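For the protein sequence lines, the chains are A and B, in the order given. Position 419, counted from 1, in the first sequence is what the working numbering calls 419; the numbers after and before it change by one each time, with no gaps. Position 338, counted from 1, in the second sequence is what the working numbering calls 338; the numbers after and before it change by one each time, with no gaps. Where a beta carbon is used, it is the ideal one built from N, C-alpha and C, also for glycine. This one's a predicted model, so the numbers in the text were calculated from it and none came from an experiment.
There are 2 protein chains.
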Amino acid sequence: MAWEGIKAIFEPKSVLLVGATGIKERPGVISPALFTSMISNMSSSFKGKINVLDLSGRLSGAIKNLKDVPKKQDLAVLTAPPELALKGIGKLVDRGIKAIILPAGGYNDLQLEQLFRATVKRGVRVLGPNASMGVLNTENGLCTAFERGLMPVRGKVALISQDADLGAAMLDWACFHGIGLSKFASLGDKVDVDEVDLLNYLAQDDDTGAICIYMGWIDEGRKFTDAIREASKRKPVSILRGISKGTGRDEIFDSALKQAGAIRARNIEDLFNVGIALALQPPMRGDRVAIISNSKGPAMLAAGAIERKGLKLAVLSEDVNKTLKSRYPGIDVNNPINMMSAAGAEHYEFTLEKVLADPNVDGVMVINMLRSRILKPEDLEVVAKATKKSKEKPVVDVTVGGEDHVLVRGVLRERGIPTYDLPEKAAQAMKALYQYWQFREKVSEKR
Amino acid sequence: MAWEGIKAIFEPKSVLLVGATGIKERPGVISPALFTSMISNMSSSFKGKINVLDLSGRLSGAIKNLKDVPKKQDLAVLTAPPELALKGIGKLVDRGIKAIILPAGGYNDLQLEQLFRATVKRGVRVLGPNASMGVLNTENGLCTAFERGLMPVRGKVALISQDADLGAAMLDWACFHGIGLSKFASLGDKVDVDEVDLLNYLAQDDDTGAICIYMGWIDEGRKFTDAIREASKRKPVSILRGISKGTGRDEIFDSALKQAGAIRARNIEDLFNVGIALALQPPMRGDRVAIISNSKGPAMLAAGAIERKGLKLAVLSEDVNKTLKSRYPGIDVNNPINMMSAAGAEHYEFTLEKVLADPNVDGVMVINMLRSRILKPEDLEVVAKATKKSKEKPVVDVTVGGEDHVLVRGVLRERGIPTYDLPEKAAQAMKALYQYWQFREKVSEKR
């Protein structure tokens, strides 16, 4: 039943949106405007059944009385402030709801206790209170946030944020930068559902390839790191911590997180950059990276970044060197491989295939310069094609720039290749792919 | 005369574009298509006089013979390949041209010698050969690049790139991310004009507030670092190096660069992030930073970043604390100052003014959360207003996110406030503002 409740939070067949359009707008209270904004979000994207209950009885088309609410709905989103919410919540539970999301905060201790008894004690899972960004699921269109325009494209990165504001900011980031998400949740005050529940759920979620977490604080260190370790055995977990200054206790916790397999991110962008690589590409089974480019400048920056991250520039095998040299006279075959300005789709496909097949190479950074080149963004489909043939080795792509990067991203991300606008960001992602492999190796040795 | 030539490269009154529309397209040669693209770029933006000379005599409206070229033009851009260029270059010099840009490469040693004798020896300054991205000046619309759509908005950052490809990528970056540039130049093979010439010129250029340099390699270490030092006395210089692995010699050079006042950037984004702060804001005369926010999450990330960069969180004076507390009961006045979700323009203006006036504060990071807030991007005009009153202390702005950041950037950058999409990037910029102050102090002590 408990498990079913967590599932109901992300994969409900039916959702009941409960609010009051007649309450006064004031800080800390979910306003009628926000309630109608949530209804609009859900109506435009959710594939399941939606019922709306307006406790003020004003909204046209909405259910006006609790007793008219259809029985056994999966999920209720209860936007009313504490007093009002607590009045009706018992009756909602009576009607067989499996899970409840509480976006509003402001519960005092007594009210929290009442809430707990009325719901969790009776087997209903609760996300919140104060889970103001709620949950998103790009697969079924579930979006319990009030904010408009924050549904990212579908993808394989799951995102958990303890902080609702940063959750909103991160979703804004993901939408703008084309980061594909599977699911999102903001936790709020955790009367019930916590990071551990979400980790357990996301670890078995087939739509999720990697889990990214922003954590401002964590109460139960050990329980959390255990959950990280278990999740990491199945899929990579990356963490951004919002502590201001490292104390001794923090350092111990950081070290425990690392032991548990968590890959540490330095900022929000890094969390996503690492997340998409971990979600889309296999772990990197060694530290030897090959760089394939059509321009020398960015390849030099890439080589520097690879080495600064503690990875190595692969020494290509003699065979591969010869094959490339004879097919493309005039190119620079020493890693970084510079195929020069005349390189097109054929160069990229052939070279990437040969380099991925080289036993001296563990992963490849592909660099595409579009300016002053014959290369077109759509030519880069071949990068995804060649990568698919290899399977076991990761490939990431870099187009240095602004608009140029966006064009290439449009071609490659949906084809499963992580793309970056700077080689340094790609190098950081490759390091994470190697770190995850090292963790998996360590775990399998212990077995 | 030499100086006049450098000035003619960036501030010509008249430009002669020389090419051949009849030559065959082949790699390494500036094609007719690129030549016409450059003509189109110049026609659409350059405010001075443009003449076109088509050595193939095909282009309608163009001058067909060298002898018909008007005398004493400031600048010629000669796109023809070496043999063709060398044929006509002496006659161009005869006609009183002050400077020549050579975008095409491919000169052999003998040709380089011929080029030198025909031009530099006769007092004509030459940028190139192989200066394929040429120069840009956002003030007069000069754009000698073939690439289309690479004219950034007008601003105070000057950019020099040794590498033409990275130069193009950086311009693409600047255009996409709204980085305002004053001037741009790509150096190429440096038969004459080099980094030192450009540094000397840009150091006295009133449109330039800071100089950003990408360098892949430098021949004359000492001459270069001396020029950096002299330029740094007048305005900040930030440098990104494209070396792959640090050798002993590199480390000595790095240390010499630092001694000369150069502020080191870690990647292209960092170069611009630091560049806009250095160009738009005064140096930071101490390491004590105040954070003003309307949300706790990003303020925590900012506080962490400030400390990791080696800066300090300012301890606000009792006066300022009291004033803020009594005016806005319920806000968190301990730095980071959290004005909470109801903060609007008035909160930002009043708080920023008070904090800037606090003698315990050397600089301020302003953080704006738009999501779930009443704050609108246009409210943030007050940040520029309050900053203007202070003058001596730098202010940078952060809106965590994608679209949200772009909205705020649209309001603040043109008003002289550097904006960032992550607090970590803003912290790096503030560190640079402090480093530049430290260099200036050191230099003035020596006097």
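Exposure label - residue i; buried when at least 16 CB within 10 Å
i: valine 448 of chain A; result: Given that chain A is displayed from residue 1 to residue 447, the structure contains no residue 448 of chain A and the question cannot be resolved.
i: isoleucine 252 of chain B; result: exposed
i: glutamate 195 of chain A; result: buried
i: isoleucine 6 of chain A; result: buried
i: serine 60 of chain B; result: exposed
i: aspartate 250 of chain B; result: exposed
i: proline 359 of chain A; result: exposed
i: aspartate 110 of chain B; result: Residue 110 of chain B is actually leucine in this sequence, not aspartate. Result: exposed.
i: tryptophan 3 of chain B; result: exposed
i: glutamine 481 of chain B; result: Missing from the structure shown is residue 481 of chain B; chain B here goes from 1 to 447 and no further.
i: serine 132 of chain B; result: buried
i: arginine 125 of chain A; result: buried
i: lysine 309 of chain A; result: buried
i: proline 329 of chain A; result: exposed
i: lysine 431 of chain B; result: buried
i: serine 43 of chain B; result: exposed
Residue i vs residue j beta-carbon contact at 8 Å
i: proline 70 of chain B; j: glycine 106 of chain B; result: no
i: arginine 288 of chain B; j: valine 383 of chain B; result: no
i: valine 237 of chain B; j: isoleucine 276 of chain B; result: no
i: glycine 178 of chain B; j: valine 153 of chain B; result: yes
i: leucine 66 of chain A; j: lysine 49 of chain A; result: no
i: glutamate 11 of chain B; j: asparagine 200 of chain B; result: no
i: serine 182 of chain A; j: aspartate 163 of chain A; result: no
i: lysine 258 of chain A; j: arginine 264 of chain A; result: yes
i: valine 315 of chain B; j: asparagine 335 of chain B; result: yes
i: leucine 198 of chain A; j: isoleucine 228 of chain A; result: no
i: tyrosine 436 of chain B; j: leucine 311 of chain B; result: no
i: arginine 413 of chain A; j: glycine 167 of chain A; result: no
i: leucine 115 of chain A; j: valine 191 of chain A; result: yes
i: aspartate 349 of chain B; j: lysine 385 of chain B; result: Checking the sequence, you will find glutamate at residue 349 of chain B rather than aspartate. Taking 8 Å as the Cβ cut-off, glutamate 349 of chain B and lysine 385 of chain B qualify as a contacting pair.
i: valine 15 of chain B; j: valine 93 of chain B; result: no
i: alanine 256 of chain A; j: arginine 234 of chain A; result: no
Alpha carbon of residue i to alpha carbon of residue j, nearest angstrom
i: alanine 231 of chain A; j: tyrosine 434 of chain A; result: 17 Å
i: methionine 1 of chain A; j: arginine 241 of chain B; result: Residue placement at methionine 1 of chain A cannot be trusted, given a pLDDT of 43 that sits under 50; the coordinates are not used to answer.
i: glycine 209 of chain B; j: serine 45 of chain A; result: 48 Å
i: glycine 123 of chain B; j: serine 390 of chain A; result: 59 Å
i: serine 37 of chain A; j: serine 444 of chain A; result: 48 Å
i: phenylalanine 184 of chain B; j: alanine 8 of chain A; result: 56 Å
i: aspartate 226 of chain B; j: isoleucine 239 of chain B; result: 14 Å
i: proline 103 of chain A; j: glycine 134 of chain A; result: 6 Å
i: valine 274 of chain A; j: glycine 416 of chain B; result: 33 Å
i: alanine 429 of chain B; j: leucine 301 of chain B; result: 15 Å
i: serine 317 of chain B; j: alanine 260 of chain A; result: 43 Å
i: serine 372 of chain A; j: aspartate 165 of chain B; result: 8 Å
i: isoleucine 243 of chain A; j: glycine 304 of chain B; result: 6 Å
i: glycine 401 of chain B; j: proline 298 of chain B; result: 11 Å
i: threonine 323 of chain A; j: leucine 280 of chain A; result: 30 Å
i: valine 18 of chain B; j: asparagine 51 of chain B; result: 9 Å
i: valine 408 of chain B; j: asparagine 338 of chain B; result: 19 Å
i: valine 411 of chain A; j: glutamate 353 of chain A; result: 19 Å
i: isoleucine 97 of chain A; j: lysine 13 of chain A; result: 12 Å
i: arginine 285 of chain A; j: valine 406 of chain B; result: 39 Å
i: serine 40 of chain A; j: valine 193 of chain A; result: 26 Å
Margin query: Runs of 4 residues minimum, wholly inside the segment 235 to 284 of chain B: which ones carry the alpha helix (DSSP H) assignment?
Written below: 248 to 259 and 268 to 280
Margin query: I want to know whether the segment 279 to 293 of chain A touches the segment 335 to 350 of chain A - three or more CB-CB distances under 8 Å.
Written below: yes
Next item on the list: Spell out a yes or no on whether the segment 116 to 123 of chain A and the segment 169 to 178 of chain A are touching, meaning 3 or more CB-CB pairs, one atom from each, closer than 8 Å.
Entry: no
Next item on the list: Run through the segment 84 to 131 of chain A for me and flag every whole beta strand (DSSP E) of 3 or more residues, listed as ranges in chain order.
Entry: 99 to 101 and 125 to 127
Check: Can you give, in chain order, each stretch of the alpha helix (DSSP H) that sits fully within the segment 306 to 366 of chain B and has at least 4 residues?
Finding: 318 to 327 and 345 to 357
Item checked: Cβ contact check for the segment 265 to 275 of chain A and the segment 414 to 432 of chain B: 3 or more pairs under 8 Å -> yes
Next item on the list: Only counting runs of 4 or more residues, tell me where the alpha helix (DSSP H) segments fall wholly within the segment 163 to 222 of chain B, in order along the chain.
Entry: 164 to 176 and 195 to 203
Next item on the list: Only counting runs of 3 or more residues, tell me where the beta strand (DSSP E) segments fall wholly within the segment 17 to 51 of chain A, in order along the chain.
Entry: none
Next item on the list: Scan the segment 356 to 431 of chain B and note each continuous beta strand (DSSP E) run of 3 residues or more that stays entirely inside, going in chain order.
Entry: 363 to 367 and 395 to 398
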